[in-house]
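Presented below is the structure to which this report refers.
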Amino acid sequence: MARRKPPQLEFVPGRAPAQIATRHPFRLDGQPIEYTLKRSLRRRRITFTIDEDGLRVGAPWSASQGRIESLLGAHARWVSRKLAEWQARRPPRFTWQAGATVMALGEPLTLALDLERSVTERDNGRLYIAANAGDQAMLAEHAVAWLRTTALGWFEQRALHFAPALAVRVPTIRLSNAKTRWGTCHPDGRVHLNWRLIQMPPALIDYVVVHELAHLREPNHSQRFWRRVAAVLPDYAQRRLALRHDGHRYLLA
Ligand SMILES: [Zn+2]
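Heads up: the sequence shown at position 218 corresponds to 206 in our numbering, and the numbers run straight through without jumps.
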């Protein structure tokens, strides 16, 4: 199964990291795995990070492959336990069909078919779609269209709500379809937000909206930027963490 990189929240015009990443096969306790090795000039120690992307090893330029892999071997139990935990958290592959669940503003909606309807409608925990059973493409098209329309309306309303507190002009919101970004802020004042965000609870959407709007004043992640975010969302750090932790669950379609 193809691994998807979870979306990140970044404003990085042309940042060039001083590091090199390579992939390596390895036998961990007899199990074949692959890991990403990131060598960097700034790193002083060998570090292991395990998340939805799998195992990443951070190492100084001088660390030998042998040293890295003997350290991996020494921590094999811990590494395999963590890899298994992340594997278990990975959501099953989503299929567009009647009875499947999509999320909207953190609430589950069951997809239901109804050829009598002229528009896609939300009603009592269901999303009614005019499609034939078996016509997955039509079902997906209508459901995504409804999510996108809902997303744009919601994002515009939240941007309007937060703009005064952030002392920014209400930006033009565009929907993005990126698989690797939740939001981007362009220097000319356009803010692109991923339509998939509409699946998340409102508190997480608000964090992304505030984050991108704050970039209209501070096009960086400086302390001033984070102070600006904190002034509007004092608990932004928890929301940010929740987004990092749960974001991959909302990659639908
Ligand atoms: Zn940012």
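Beta carbons are placed, not taken as given, at the ideal position from N, Cα and C, and that holds for glycine. Note that the structure is predicted; figures quoted are calculated from it, not measured.
Same chain only: Cβ atoms within 6 Å of P190, ignoring 5 sequence neighbours per side = The sequence position of residue 190 within the sequence shown is 202, counting from 1. Only L93 meet the Cβ criterion.
What residue does the alpha helix (DSSP H) around P152 start on, and which one ends it?
-> Indexing the sequence shown from 1 puts residue 152 at position 164. Counting along the chain, the alpha helix (DSSP H) containing P152 begins and ends at Q124 to L154.
Tell whether a beta-carbon distance below 9 Å holds between Q7 and L43.
-> Locating residue 7 in the sequence shown gives position 19, counting from the first residue. Locating residue 43 in the sequence shown gives position 55, counting from the first residue. No; because the gap between Cβ atoms is not below 9 Å, this pair is not in contact.
Leaving out five residues on either side along the sequence, give the residues of the same chain with a beta carbon under 7 Å from the beta carbon of F143.
-> Working through the sequence shown from its first residue, we reach residue 143 at position 155. If we look at F143 and ignore the five residues flanking it on each side, its Cβ neighbours are I161, L181 and V197.
Which term fits L229, buried or exposed, when burial requires 16 or more other beta carbons within 10 angstroms of its beta carbon?
-> In the sequence shown, residue 229 corresponds to position 241, counting from 1. By the neighbour-count rule (16 or more Cβ atoms within 10 Å), L229 is not buried but exposed.
Under the three-state reduction of DSSP, which class applies to S106: helix, strand or coil?
-> Start at 1 with the first residue of the sequence shown, and residue 106 comes out as number 118. Looking at S106 - three-state DSSP - the assignment turns out to be coil, as it is neither helix nor strand.
Do you know offhand how far R(-9)'s Cα is from D17's?
-> The count along the sequence shown starts at 1 and reaches residue -9 at position 3. The count along the sequence shown starts at 1 and reaches residue 17 at position 29. Because the pLDDT at R(-9) is just 48, under 50, the model does not fix this residue reliably, and the value given afterwards should be weighed accordingly. Each residue's Cα considered, the two are about 23 Å apart.
Excluding the five sequence neighbours on either side, which residues of its own chain have a C-beta within less than 7 Å of the C-beta of L59, listed in chain order?
-> Locating residue 59 in the sequence shown gives position 71, where the first residue counts as 1. Cβ neighbours of L59 beyond the five flanking positions: I34.
Check S68 in the structure and name its three-state DSSP category.
-> In the sequence shown, the residue the question calls residue 68 occupies position 80. Collapsing the DSSP output to three states places S68 in a helix.
For H209, is the beta carbon positioned less than 8 Å from some heavy atom of ligand 1?
-> Residue mapping note: residue 209 aligns to position 221 of the sequence shown, counting from 1. Within the cutoff, so yes.
Own chain partners of A139 with C-beta closer than 7 Å, once the 5 adjacent residues on each side are dropped = In the sequence shown, the residue the question calls residue 139 occupies position 151. The answer, listed in chain order, is L163, W183, L185 and I186.
Quick one: using the 10 Å Cβ neighbour count with 16 as the cut-off for buried, is V107 buried or exposed?
-> In the sequence shown, counting from the first residue as 1, residue 107 sits at position 119. With fewer than 16 Cβ atoms within 10 Å of its Cβ, V107 is classed as exposed.
Using DSSP with H/G/I as helix, E/B as strand and the rest coil, what is R11?
-> Here residue 11 refers to the residue found at position 23 of the sequence shown. Looking at R11 - three-state DSSP - the assignment turns out to be strand.
Delimiting residues of the beta strand (DSSP E) encompassing P48 = Looking up residue 48 in the sequence shown gives position 60. Taken as a continuous stretch (DSSP letters only), the beta strand (DSSP E) holding P48 covers G42 to P48.
Taking the DSSP output, what are the residues bridged to I117?
-> On the sequence shown, position 129 is the one that residue 117 refers to. Answer by DSSP bridge pairing, in chain order: L101.
Uninterrupted beta strand (DSSP E) stretches inside the segment 151 to 201 (no shorter than 3 residues) | 160 to 164, 169 to 173 and 178 to 182
I think G46 touches K26, with their Cβ atoms under 8 Å apart; what is that distance to the nearest whole Å?
-> Start at 1 with the first residue of the sequence shown, and residue 46 comes out as number 58. Start at 1 with the first residue of the sequence shown, and residue 26 comes out as number 38. The Cβ separation is near 5 Å, so the contact holds.
Count the C-beta pairs between the segment 111 to 123 and the segment 209 to 224 that are closer than 8 Å, then say yes if the count reaches three, no if not.
-> no
Please indicate yes or no: does the CB of H199 lie closer than 8 Å to some heavy atom of ligand 1?
-> Sequence index remark: in the sequence shown, residue 199 carries index 211 (1-based). Within the cutoff, so yes.
Beta-carbon proximity list for V0, same chain, < 6 Å, skipping 5 on both sides | Working through the sequence shown from its first residue, we reach residue 0 at position 12. Note that V0 scores a pLDDT of 43, beneath 50, so its modelled location is shaky and nothing firm can be said.
Cβ neighbour criterion (16 or more within 10 Å) applied to W134 | Here residue 134 corresponds to residue number 146 of the sequence shown, with the count starting at 1. It counts as buried.
Close Cβ partners of A119 (< 8 Å) along its chain, the five nearest in sequence each way excluded = For this step, residue 119 is matched to residue 131 along the sequence shown. Within the same chain, Cβ atoms closer than 8 Å to the Cβ of A119 are found at L101, L103, M126, L127 and H130, the five residues on either side in sequence being excluded.
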